[in-house]
Structures are given as structure tokens and as C-alpha cells.
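K.L.:
Residue numbers (the working numbering): 28 to 282.
1. Bridge partners of residue 116, per DSSP?
2. Nearest to residue 202 by alpha carbon, out of 221, 175, 39 and 223?
3. Near residue 93, what residues of its chain come up, given a Cβ to Cβ distance below 6 Å and the 5 sequence neighbours on each side ignored?
4. Quick check: what's the CA-CA separation for residue 66 versus residue 95?
5. Rounded to a whole number of angstroms, what is the C-alpha to C-alpha distance between residue 281 and residue 99?
6. In whole angstroms, give me the CA-to-CA distance for residue 39 and residue 142.
7. Return yes when the Cβ of residue 30 is within less than 8 Å of the Cβ of residue 162, no when it is not.
8. With residue 255 and residue 195 assumed to form a contact (beta carbons below 8 Å), what rounded beta-carbon distance in angstroms separates them?
9. In the DSSP output, what is residue 125 paired with across the bridge?
10. Pop quiz: residue 166 and residue 33 are said to be a contact at Cβ under 8 Å. What is the actual Cβ separation, rounded to whole angstroms?
11. Using a Cβ distance threshold of 8 Å, determine whether the segment 185-200 contacts the segment 231-246, with at least three qualifying pairs required.
12. Which same chain residues end up closer than 6 Å to residue 231 when comparing Cβ atoms and leaving out the 5 residues on each side of it in sequence?
13. Is the number of C-beta pairs between the segment 53-61 and the segment 128-140 that are closer than 8 Å three or more?
14. Can the beta-carbon of residue 257 be found closer than 8 Å to that of residue 193?
15. Helix, strand or coil for residue 187, going by three-state DSSP, please let me know.
16. Whose CA, out of 106, 117, 177 and 138, lies closest to the CA of residue 221?
17. Mind listing, in chain order, the continuous beta strand (DSSP E) runs of no fewer than 3 residues lying wholly within the segment 65-102?
18. In this structure, does DSSP put residue 249 in helix, strand or coil?
19. Mind checking who residue 168 pairs with in its DSSP beta bridge?
20. Alpha carbon to alpha carbon, how far is residue 275 from residue 356? Give it in angstroms, no decimals.
21. Buried or exposed, going by whether 16 or more other CB atoms sit within 10 Å of the CB of residue 225?
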């Protein structure tokens, strides 16, 4: 699917569909990332053009025997913490004409953020049984912006409580890909993300909802080297936000 979408390009020749979310985590981290059956992407183009370009990439096209069809018209959805309404469309995947599986594609129209991407070599993806190799490089939202978006999502105050405790594990995994030298870039990404989504201010407070105490122990079972309990995880997140906020601005470092 990622390879098919990358077959269509922006007018400037750059990548048009940028992978984010759980799929980007899996591409970077392989089995260490949470499993996901959905594909989240950023579309770097006009709002009314994404579906046409998606069809350009998938309709009557195959990738090593795989084809993709829309199962229903796309719909706009509300996702707490995003600050915009992405599009979602259910997809049917076939291999050599036979049903292979289904997935949902979620499309965010966000050209400025989509400019912050990097090419990721898929980690641990083996398609030997199909006698094919996965795409060599996939355009993904860069790690600083993915951390910034997850920081925004898991700290947004919501009337019924914020249930995104899973983002704590994701943030911890993503930070492991960076060094302290990257924190100024994460800070710039966070300032931009919080300003454009305009839901709550940077730096945010961390306020666990009741569901976090129930859900975090289940998550940490899969990552025994993560912060051991919810208290440690919250302390880690508070410390990370402080370290990011104290990082020298990118412009000052450049000068």
C-alpha cells in the first residue's frame, strides 16, 4: 500500500503521501511497535485532490499482485487532539485477485507538516512467501514531529478524560531513536504542532485519566524495559517535556 501511494508525486516531484501514526512506528521499529491494521497518512496537496490522487495510485494498478479497492465512500471523522478532521476510507486488499485482507486509510490534509518527513527503511518486514521484497524506503513523518504530535494528543485536556496512555510507550520508543542533540528539533516541532492545533498550550501538563492506571500495565508487559509503572511513566513524560522545553532553539544553535 505504501509503495502504491508513493507512485504518485507532488507537483514539485516530492512525496505526496507521507506515512505517520502506527504504521510509521512499525516501519521504524518492527515488532517492537504496537501492531496496527490502519494506515495513517498526510496528504501534501490540495484538500479536494487527495481522493483523485489516491485513485490514481490504486485504481487499475497492482503492486506485485496486490490490488486495493475502496469499499465505501470516504467520510470525515472527529479525532480528539488533532485540531482538524481527517478523512477515513475502508479498503479491500486482494492478492492475485483473491481477498487478502482489509484496512482503513486515514488521510490528514496537512501540507506544512508533511514537509517534515524522512525516508525510512522498513524494519523486519519479510515478504519472502510472496517472492517479493518490501519497499526499500518509505516516506514517513519524521521522528521529532511524530513525538510532538503524540505529546499533544496524550496531554490534551478532554471532557471525558484523555485515554491515550499508549502514546507514552510510543514516545518512549521514538525518543530511543534520537539523541540529546535532536531535542532542539523536537522543541521546534512541538511549538509548531501546539500552535497550529491550538487546543492547549506548550509546555503541557500531564494529567492521567482513570483509564491510564488500568491500561498502562497491559502495555508495559510488551515492553519490560519501559518505565515500570504508571507513576514512573508519568515522571518520564514530565521530564521529557522539560528537557525538550529547555533545549536551545534551533535558530540560536545555528547561529
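Where a beta carbon is used, it is the ideal one built from N, C-alpha and C, also for glycine.
P.N.:
According to the structure shown:
1. 132
2. 175
3. 122
4. 13 Å
5. With a pLDDT of only 48 at residue 281, under the threshold of 50, the placement of this residue in the model should not be trusted; the figure read from the coordinates follows. Cα to Cα, the separation comes out at about 49 Å.
6. 12 Å
7. Yes, these two residues count as a Cβ contact at 8 Å.
8. Actually they do not touch by this definition, with Cβ atoms about 12 Å apart.
9. 122
10. With 8 Å as the limit, residue 166 and residue 33 qualify as a contact, their Cβ atoms being about 6 Å apart.
11. The segment 185-200, when compared against the segment 231-246, does touch it at the 8 Å Cβ threshold.
12. 182
13. no
14. No, Cβ-Cβ distance for residue 257 and residue 193 is not below 8 Å.
15. coil
16. 177
17. Whole beta strand (DSSP E) segments, 3+ residues: 65-70 and 93-97.
18. coil
19. In the DSSP output, where bridge partners are listed per residue, residue 168 has 144.
20. Residue 356 cannot be examined here, being either before or after the span of the chain that is shown, 28 to 282.
21. Answer is exposed; the Cβ neighbour count stays below 16.
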